[in-house]
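Engineer: To start, I am sharing the structure in question, which I have written as C-alpha coordinates.
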Amino acid sequence: MLGPGVIVAVAAAGCTAIWLGDPTAPGGFLPTCPTKLLFGVTCPGCGSMRMIYALLHGDVPAALHFNGLGVVAIALLVYAFVAYSVGLWRGRRVRSWQHLRYAPMIALVAVVSWFIVRNVPIEPLWSLHV
(Lines of atoms letter the chains of each structure in order from A and count residues from 1; the text may use other names and numbers.)
(Lines give C-alpha, C1' and ligand atoms only; values in the text may rest on other atoms or scores of the structure.)
Protein backbone atom coordinates (compact mmCIF):
# COMPACT_ATOMS: atom_id res chain seq x y z
CA MET A 1 0.00 0.00 0.00
CA LEU A 2 3.07 2.26 -0.20
CA GLY A 3 2.28 3.20 -3.81
CA PRO A 4 -1.20 4.58 -3.15
CA GLY A 5 0.10 6.37 -0.07
CA VAL A 6 2.76 8.13 -2.14
CA ILE A 7 0.17 9.09 -4.75
CA VAL A 8 -2.12 10.55 -2.09
CA ALA A 9 0.79 12.47 -0.53
CA VAL A 10 1.88 13.93 -3.89
CA ALA A 11 -1.72 14.87 -4.77
CA ALA A 12 -2.17 16.50 -1.35
CA ALA A 13 1.06 18.47 -1.80
CA GLY A 14 -0.04 19.63 -5.25
CA CYS A 15 -3.48 20.64 -3.98
CA THR A 16 -1.87 22.51 -1.07
CA ALA A 17 0.39 24.42 -3.46
CA ILE A 18 -2.60 25.32 -5.65
CA TRP A 19 -4.67 26.32 -2.60
CA LEU A 20 -1.91 28.58 -1.27
CA GLY A 21 -0.90 29.88 -4.72
CA ASP A 22 -4.44 30.98 -5.71
CA PRO A 23 -4.16 30.76 -9.51
CA THR A 24 -7.24 32.98 -9.89
CA ALA A 25 -5.31 35.99 -8.57
CA PRO A 26 -2.66 37.59 -10.82
CA GLY A 27 0.95 37.73 -9.70
CA GLY A 28 1.10 34.42 -7.84
CA PHE A 29 4.00 31.99 -7.74
CA LEU A 30 2.26 29.36 -9.87
CA PRO A 31 3.50 29.07 -13.46
CA THR A 32 1.59 30.18 -16.54
CA CYS A 33 0.65 27.64 -19.21
CA PRO A 34 3.67 27.46 -21.53
CA THR A 35 1.52 26.66 -24.59
CA LYS A 36 -0.60 29.75 -24.08
CA LEU A 37 2.46 31.85 -23.26
CA LEU A 38 4.47 30.78 -26.34
CA PHE A 39 1.80 30.14 -28.96
CA GLY A 40 -1.23 32.07 -27.74
CA VAL A 41 -3.60 29.10 -28.00
CA THR A 42 -5.59 27.47 -25.24
CA CYS A 43 -4.32 23.93 -24.77
CA PRO A 44 -6.49 21.11 -23.38
CA GLY A 45 -4.94 21.61 -19.95
CA CYS A 46 -5.32 25.39 -19.77
CA GLY A 47 -7.30 26.40 -16.71
CA SER A 48 -6.51 23.18 -14.85
CA MET A 49 -4.97 24.87 -11.82
CA ARG A 50 -7.91 27.27 -11.60
CA MET A 51 -10.24 24.28 -12.03
CA ILE A 52 -8.57 22.41 -9.16
CA TYR A 53 -8.65 25.59 -7.04
CA ALA A 54 -12.38 25.92 -7.71
CA LEU A 55 -12.98 22.24 -6.88
CA LEU A 56 -11.01 22.61 -3.64
CA HIS A 57 -13.38 25.43 -2.72
CA GLY A 58 -16.46 23.42 -3.76
CA ASP A 59 -17.30 25.64 -6.74
CA VAL A 60 -18.17 23.05 -9.40
CA PRO A 61 -19.69 25.50 -11.95
CA ALA A 62 -16.50 27.59 -11.91
CA ALA A 63 -14.41 24.43 -12.24
CA LEU A 64 -16.46 23.37 -15.27
CA HIS A 65 -15.94 26.82 -16.78
CA PHE A 66 -12.17 26.71 -16.32
CA ASN A 67 -11.74 23.18 -17.73
CA GLY A 68 -14.79 20.95 -18.19
CA LEU A 69 -12.82 18.05 -19.62
CA GLY A 70 -10.45 18.28 -16.67
CA VAL A 71 -13.32 17.83 -14.21
CA VAL A 72 -14.36 14.66 -16.03
CA ALA A 73 -10.73 13.49 -16.16
CA ILE A 74 -10.26 14.03 -12.42
CA ALA A 75 -13.44 12.07 -11.68
CA LEU A 76 -12.26 9.19 -13.89
CA LEU A 77 -8.76 9.26 -12.39
CA VAL A 78 -10.11 9.19 -8.83
CA TYR A 79 -12.36 6.26 -9.77
CA ALA A 80 -9.38 4.43 -11.35
CA PHE A 81 -7.22 5.13 -8.29
CA VAL A 82 -9.87 3.78 -5.92
CA ALA A 83 -10.28 0.67 -8.09
CA TYR A 84 -6.49 0.19 -8.13
CA SER A 85 -6.23 0.60 -4.35
CA VAL A 86 -9.12 -1.79 -3.71
CA GLY A 87 -7.44 -4.28 -6.04
CA LEU A 88 -4.23 -4.06 -4.01
CA TRP A 89 -6.18 -4.50 -0.79
CA ARG A 90 -8.11 -7.53 -2.10
CA GLY A 91 -5.10 -9.08 -3.78
CA ARG A 92 -6.68 -9.19 -7.24
CA ARG A 93 -7.16 -6.53 -9.90
CA VAL A 94 -10.46 -4.68 -10.07
CA ARG A 95 -11.47 -3.95 -13.64
CA SER A 96 -12.13 -0.30 -14.29
CA TRP A 97 -12.69 2.02 -17.25
CA GLN A 98 -8.98 2.18 -18.15
CA HIS A 99 -8.96 -1.57 -18.83
CA LEU A 100 -11.51 -1.20 -21.61
CA ARG A 101 -10.17 -1.85 -25.10
CA TYR A 102 -10.95 1.54 -26.62
CA ALA A 103 -10.28 3.71 -23.55
CA PRO A 104 -6.97 5.14 -24.86
CA MET A 105 -8.50 6.03 -28.24
CA ILE A 106 -11.55 7.61 -26.62
CA ALA A 107 -9.28 9.66 -24.33
CA LEU A 108 -7.17 10.80 -27.29
CA VAL A 109 -10.23 11.80 -29.33
CA ALA A 110 -11.69 13.66 -26.33
CA VAL A 111 -8.46 15.62 -25.71
CA VAL A 112 -7.94 16.53 -29.39
CA SER A 113 -11.61 17.51 -29.75
CA TRP A 114 -11.40 19.64 -26.58
CA PHE A 115 -8.28 21.35 -27.95
CA ILE A 116 -10.00 22.18 -31.24
CA VAL A 117 -13.35 23.23 -29.75
CA ARG A 118 -11.73 25.55 -27.19
CA ASN A 119 -9.90 27.47 -29.91
CA VAL A 120 -12.75 27.99 -32.40
CA PRO A 121 -13.45 31.76 -32.37
CA ILE A 122 -17.22 31.38 -32.80
CA GLU A 123 -19.78 31.79 -30.04
CA PRO A 124 -20.82 29.78 -28.03
CA LEU A 125 -17.57 27.79 -28.39
CA TRP A 126 -15.40 30.84 -27.70
CA SER A 127 -16.83 30.98 -24.18
CA LEU A 128 -14.80 27.82 -23.47
CA HIS A 129 -11.61 29.80 -24.11
CA VAL A 130 -9.92 30.72 -20.81
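Note that our numbering has the sequence shown beginning at 15, numbered continuously upward. We put the beta carbon where it would ideally sit given N, CA and C, even for glycine. Every value quoted in this text rests on a predicted model; they were computed, and no experiment measured them.
Give a yes or no on whether the C-beta atoms belonging to alanine 77 and leucine 69 are separated by under 8 Å.
Structural biologist: yes
Engineer: Whole angstroms is fine: what's the gap from threonine 56's alpha carbon to methionine 65's?
Structural biologist: 14 Å
Engineer: Who are the Cβ neighbours of tyrosine 93 in its own chain at under 8 Å, not counting the five residues just before and after it?
Structural biologist: Cβ neighbours of tyrosine 93 beyond the five flanking positions: Ser110, Trp111.
Engineer: Using C-beta distances below 7 Å, list every residue in its chain close to methionine 15, excluding the 5 sequence neighbours before and after it, in chain order.
Structural biologist: Leu102
Engineer: Go through its chain and collect everything with a Cβ distance to methionine 63's Cβ below 8 Å, but skip five positions before and after it.
Structural biologist: Ile32, Gly35, Pro37, Leu44
Engineer: Counting C-beta neighbours from all protein chains within 10 Å, is the total for tyrosine 67 16 or more, i.e. buried, or is it exposed?
Structural biologist: The residue in question, tyrosine 67, is buried, as its Cβ has 16 or more Cβ neighbours within 10 Å.
Engineer: Excluding the 5 residues preceding and the 5 following glycine 42 in the sequence, name in chain order all residues of the same chain whose CB lies nearer than 8 Å to its CB.
Structural biologist: Cβ neighbours of glycine 42 beyond the five flanking positions: Gly35, Asp36.
Engineer: In whole angstroms, what is the alpha-carbon distance linking threonine 49 and glycine 105?
Structural biologist: 42 Å
Engineer: Name the residue from Val108, Thr30, Met119, Cys60 whose alpha carbon lies nearest to the alpha carbon of histidine 71.
Structural biologist: It is Thr30 whose Cα lies nearest to the Cα of histidine 71.
Engineer: Which residues mark the beginning and the end of the alpha helix (DSSP H) in which arginine 104 is found?
Structural biologist: 74-104
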